[in-house]
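Read the structure below first, then the notes.
Residue numbers (the UniProt record's numbering): 1 to 334.
Here it is, written out as structure tokens:
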């Protein structure tokens with residue numbers, strides 16, 4: 001397809017979506033977001049796969065293949081590559097690779113409950129970037145919810161019996177990249193230009209080779225090739241499932257935002273986080289119970305849910321933010 005055509009173009013004033021697609025798309029996003037955290041946790045922690053960058057490369061390659069085959073079969077529209085595309089995307093590819101690698105690195109170094117709580121810092125970081133870059137303002141209820149999220153996370157982190165400095169640094173970097181990705185994606189996605197699928201596709205295309213090189217020169221690639229579990233059918237299944245889910249998470253976020261709103265996506269993400277944290281406490285195997293830590297987890301969870309429902313109640317307010325705190329996708333609205 002020629003670059004002059006308009007990918008992902010939608011009517012300016014589209015009719016309201018029927019209830020069933022809205023519900024199914026939200027459930028689809030919630031299921032994909034929930035499953036990819038559990039599958040990545042299994043691959044990196046249970047099987048002790050030592051190469052998060054290699055796993056990221058697998059997810060990028062899967063994304064490129066699925067979208068390119070979809071373009072060839074005219075299922076979706078992608079603009080053809082030209083010299084203007086890197087300029088249109090920048091700095092999203094750099095943010096995308098930082099988000100991808102830091103996210104996969106952090107999930108293997110922290111318990112699921114602590115990973116979930118520390119990911120909550122994406123919300124205040126996104127608020128800050130929206131104030132600075134987009135000039136937004138926020139109501140008092142949203143600010144109070146953000147403080148509750150931060151307070152709970154600090155209480156939980158201060159009493160984390162399985163503290164890992166490397167894990168904390170990785171997940172906080174992931175928060176920064178996720179927040180920046182969400183805000184800059186708002187500026188970059190344009191149906192008249194690349195469109196949502198174009199941003200996802202070209203982000204993956206531009207960064208897959210640099211990621212392979214980084215993986216090779218840091219020893220990540222060699223660790224992956226020397227991994228002992230490549231003969232284990234169950235591990236291979238989980239690895240391939242993670243690659244497919246990486247794409248499905250991107251696609252489901254776009255779908256949910258299309259049929260609903262980014263605010264609905266935020267609520268689904270927050271509710272999913274609660275499920276992940278409590279399942280991690282029961283079945284994760286790496287959560288060390290401590291009462292103060294448990295209280296902090298619950299304060300942060302409550303603040304996150306309060307934030308999401310306040311955002312829905314203020315959906316008509318132009319100053320109300322729309323944030324999905326767990327998004328790791330470069331091509332969808334935040």
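Just so you know, even glycine gets a beta-carbon here, dropped at the ideal spot from N, CA and C.
In the DSSP assignment, find the alpha helix (DSSP H) that holds residue i and state where it starts and stops.
i, result
"residue 135", "Run containing residue 135: none; DSSP gives neither H nor E here."
"residue 195", "195-217"
"residue 335", "Residue coverage of the chain in this structure runs from 1 to 334, which leaves residue 335 outside it and unanswerable."
"residue 222", "220-225"
"residue 87", "85-89"
"residue 129", "122-129"
Beta carbon of residue i, beta carbon of residue j: below 8 Å?
i, j, result
"residue 106", "residue 115", "yes"
"residue 175", "residue 129", "no"
"residue 209", "residue 307", "no"
"residue 195", "residue 77", "yes"
"residue 145", "residue 303", "yes"
"residue 347", "residue 32", "Outside the shown range of the chain (1 to 334) lies residue 347, about which nothing can therefore be said."
"residue 296", "residue 152", "yes"
"residue 249", "residue 39", "no"
"residue 96", "residue 203", "yes"
"residue 51", "residue 180", "no"
"residue 172", "residue 121", "yes"
"residue 91", "residue 197", "no"
"residue 43", "residue 49", "yes"
"residue 214", "residue 53", "yes"
"residue 100", "residue 141", "no"
"residue 217", "residue 58", "no"
"residue 244", "residue 89", "no"
"residue 201", "residue 98", "no"
"residue 292", "residue 123", "no"
Quick check on residue i: buried or exposed, where buried means 16 or more other Cβ atoms within 10 Å of its Cβ?
i, result
"residue 71", "buried"
"residue 207", "buried"
"residue 220", "buried"
"residue 263", "Unreliable positioning characterises residue 263 in this predicted model, as indicated by a pLDDT of 46, which lies under 50. A coordinate reading is not provided."
"residue 86", "exposed"
"residue 118", "buried"
"residue 135", "exposed"
"residue 228", "exposed"
"residue 69", "exposed"
"residue 211", "buried"
"residue 131", "exposed"
"residue 170", "buried"
"residue 25", "buried"
"residue 20", "exposed"
"residue 73", "exposed"
"residue 28", "buried"
"residue 36", "buried"
"residue 83", "exposed"
Can you confirm whether residue i, when its beta carbon is compared against all beta carbons of chain C, has any partner nearer than 8 Å?
i, result
"residue 141", "Given the protein chain composition of this structure (a single chain), no chain C is represented."
Worksheet item: Okay, do the region 232-239 and the region 62-78 touch, 3+ Cβ pairs below 8 Å being the bar?
Response: no
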